[in-house]
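Below: one structure, written as structure tokens.
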Amino acid sequence: MIQEKLDKVIRTIPNFPKDGISFKDITPLLLDASLTNNIIDEFIIKLEGVKIDAIVGVESRGFLFGFLLANKMEIPFVPIRKVGKLPGETLQYKYDLEYGSAEVEIHKNDVQKGWNILIHDDLLATGGTASAAAELVLRLGCKVSAFTFVVNLDFLNGKKEIKEYTNNIISLIEY
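Note that the numbering used here has the sequence shown beginning at 6, numbered continuously upward.
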């Protein structure tokens with residue numbers, strides 16, 4: 006089972022980035038090429054029948070498996086980055102965090118109006134970043150066809166936050 010493999014490899018780092026937080030570190034997954042391939046294959050299986058024209062990955066860990074998934078599906082990969090990191094004409098979206106706010110951007114011309122977009126990130130927590138990515142996708146005239154995450158921190162209720170965009174919310178392991 007993929008969940009068992011992931012659970013053995015994903016590290017829990019106590020009190021990071023601050024006291025009281027148990028950080029789920031996916032970087033050890035990158036040390037195992039076979040497991041990385043299994044992750045991509047599992048996403049492919051779970052996405053069967055979902056129309057996807059491009060994958061949008063959220064900076065920075067969303068790039069890791071998002072790009073590999075797009076490459077395997079032979080579709081474009083489009084990065085969403087923090088404001089000021091993309092050259093050229095961008096669309097920006099500001100959103101609130103628990104303590105403060107953040108702003109992300111996407112190149113305006115990297116997707117075509119009407120495309121079905123899969124949004125990928127490494128981890129779903131409260132859903133704030135995933136919602137911001139979805140808002141950018143919608144403002145570009147596209148549809149959110151699915152979300153994929155390696156990890157879902159289910160106790161933070163992120164799925165409830167993003168369900169308004171699509172019911173196709175896929176994670177490979179939940180904590």
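Yeah, the Cβ is synthetic: ideal placement off N, Cα and C, and Gly gets one too. Here the structure is a predicted model, which means the values were calculated and not measured.
**Asked** How would you write the range of the beta strand (DSSP E) that N121 sits in, first residue to last?
**Response** Along the sequence shown, read from residue 1 onward, the residue named residue 121 stands at position 116. Note, N121: beta strand (DSSP E), 121-129.
**Item:** Distance between Y100 and G62 (C-alpha atoms, nearest Å)
**Value:** For the purposes of this step, residue 62 is taken as the residue at position 57 of the sequence shown. For the purposes of this step, residue 100 is taken as the residue at position 95 of the sequence shown. The straight-line gap from Cα to Cα measures roughly 17 angstroms.
**Request:** Output yes or no for whether 7 angstroms exceeds the beta carbon distance between E108 and Q97.
**Result:** The residue labelled residue 108 in the question sits at position 103 within the sequence shown. The residue labelled residue 97 in the question sits at position 92 within the sequence shown. In contact: E108 and Q97 (Cβ atoms closer than 7 angstroms).
**Prompt:** Taking DSSP as the reference, what is the three-state secondary structure of L74?
**Reply:** Residue mapping note: residue 74 aligns to position 69 of the sequence shown, counting from 1. In the structure shown, L74 sits in a helix (DSSP, three-state: H, G or I).
**Prompt:** Who are the Cβ neighbours of L189 in its own chain at under 7 angstroms, not counting the five residues just before and after it?
**Reply:** Residue 189 cannot be examined here, being either before or after the span of the chain that is shown, 6 to 180.
**C-alpha distance - N43 paired with K10, whole-angstrom precision** = The sequence position of residue 43 within the sequence shown is 38, counting from 1. The sequence position of residue 10 within the sequence shown is 5, counting from 1. Each residue's Cα considered, the two are about 10 angstroms apart.
**Item:** Contact belief for F48 with T171 at Cβ below 8 angstroms, rounded distance in angstroms
**Value:** Translated into the one-based positions of the sequence shown, residue 48 becomes position 43. Translated into the one-based positions of the sequence shown, residue 171 becomes position 166. Contact flag wrong, Cβ pair sits at about 15 angstroms.
**Message:** Quick check: A75 and I85, are their CB atoms within less than 7 angstroms of each other?
**Reply:** Here residue 75 refers to the residue found at position 70 of the sequence shown. Here residue 85 refers to the residue found at position 80 of the sequence shown. The answer is no: Cβ separation not under 7 angstroms.
**Request:** Output the distance between the C-alpha atoms of I26 and I18, rounded to the nearest integer angstrom.
**Result:** As a working mapping, residue 26 is identified with position 21 in the sequence shown. As a working mapping, residue 18 is identified with position 13 in the sequence shown. Rounded to the nearest angstrom, the two C-alpha atoms are 8 angstroms apart.
**Item:** Of the residues L91, D126, A137, the one placed nearest G71, counting alpha carbons only
**Value:** Stepping through the sequence shown from its first residue, residue 71 is reached at position 66. Checked all of L91, D126, A137; the closest Cα to G71 is D126.
**Prompt:** Which residues bound the beta strand (DSSP E) around G25?
**Reply:** Along the sequence shown, read from residue 1 onward, the residue named residue 25 stands at position 20. No beta strand (DSSP E) holds G25; DSSP gives it neither H nor E.
**Asked** What's the call for N162, buried or exposed, on a 16-neighbour Cβ count within 10 Å?
**Response** The residue given as residue 162 occupies position 157 in the sequence shown. When all chains shown are included, N162 counts as exposed.
**Prompt:** What is the DSSP secondary structure of T134, counted as helix, strand or coil?
**Reply:** Taking the first residue of the sequence shown as position 1, residue 134 is located at position 129. Helix.
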